[in-house]
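Everything in the sequence shown is counted per the numbering used here, starting at 878 for the first residue and increasing by one.
Even for Gly, the Cβ is constructed at its ideal location relative to N, Cα and C.
Computed from a predicted model, the values in this text were never measured in an experiment.
These notes concern the structure reproduced below.
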Amino acid sequence: MTSGYQPTNHSCRIVLTGGPGGGKTTAADLLRREIGDEIVIVPEAATMLFRGGFPRSHEPHAKRAAQRAIFHVQRNLEDVYSWLYSDRILLCDRGTVDSSVYWPQIDGDFFTSVGTTVTQELNRYSSVIFFESAAVGGLDIEGGNPVRTEDIAEAQELDRKLHGVWSQHPNFYYLPHQKSFFQKLDTALKIMQKIINGRGAA
């Protein structure tokens, strides 16, 4: 990991990401409660859209359109929070990079399709905390989230792809699957405190 890394548009923007069933959304809420008003959670754009009635389909054209929409909503949602909470650390439930792993590979590079690069999008964030999916450990990832449709095999594959993209970030923290989710949360809290103390520098 490198030091002196500066995100764009905000002093400290941290991503919680990982495969489905990694516990990132639960962790975001608990970290916010534990740390307090120093941070603010930026909600996941995909969940907002799908819960709001945005169509979800495996049809290629529809899938491409959905991922472009999620990308742009996520990017602008983060920017809105940056302006509204300029004095706080942004804790993002997923980031703009996530849509790239849902993009049909036969359609070329996702980032080119939305007019950016993976480097530009990674540069939006000061640090990345990656929650490995419980599916990697063979555990059921059903947690009552109606927008989660992946089975264990699909979740494992998404986890692998997400890791491949996000691990390019210089301030990348990896939280492997553990039998005890409380231990995973405790590790996440220690990482958050380290980031906050150094404002993103590792």
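Cβ shell of residue i (< 7 Å), same chain only, five flanking positions each side left out
{"i": "residue 1040", "result": "1007"}
{"i": "residue 1053", "result": "1009"}
{"i": "residue 1035", "result": "896, 897, 978 and 1027"}
{"i": "residue 911", "result": "1066"}
Exposure of residue i, with buried meaning 16 or more beta-carbon neighbours within 10 Å
{"i": "residue 961", "result": "exposed"}
{"i": "residue 1083", "result": "Outside the shown range of the chain (878 to 1079) lies residue 1083, about which nothing can therefore be said."}
{"i": "residue 842", "result": "With the chain covering only 878 through 1079, there is no way to say anything about residue 842."}
{"i": "residue 897", "result": "buried"}
{"i": "residue 955", "result": "buried"}
{"i": "residue 948", "result": "buried"}
{"i": "residue 1061", "result": "buried"}
When the options are compared against residue i, the one with the closest alpha-carbon
{"i": "residue 1038", "options": "912, 958, 1009 and 946", "result": "1009"}
{"i": "residue 995", "options": "974, 952 and 1068", "result": "974"}
{"i": "residue 1050", "options": "1056, 1070 and 954", "result": "1070"}
{"i": "residue 922", "options": "1013, 976 and 1045", "result": "976"}
{"i": "residue 1056", "options": "1013, 1072, 1044 and 1029", "result": "1013"}
Rounded distance between the beta-carbons of residue j and residue i, thought under 8 Å
{"i": "residue 969", "j": "residue 891", "result": "7 Å"}
Neighbourhood of residue i by C-beta distance below 8 Å, restricted to the same chain and skipping five residues each side
{"i": "residue 981", "result": "937, 940 and 941"}
{"i": "residue 878", "result": "Residue confidence is low: residue 878 scores 39 on pLDDT, short of 50, so the model does not pin down where it sits. No coordinate-derived value is stated."}
Residue i beta carbon near the ligand ZN (any heavy atom closer than 6 Å)
{"i": "residue 970", "result": "Here there are no bound small molecules, and the ligand ZN is not part of this structure."}
Touch test, the stretch 935-945 against the stretch 907-920, Cβ-Cβ under 8 Å, three pairs minimum: no
When the Cβ atoms of the stretch 984-994 are set against those of the stretch 908-927, are three or more pairs found closer than 8 Å? no
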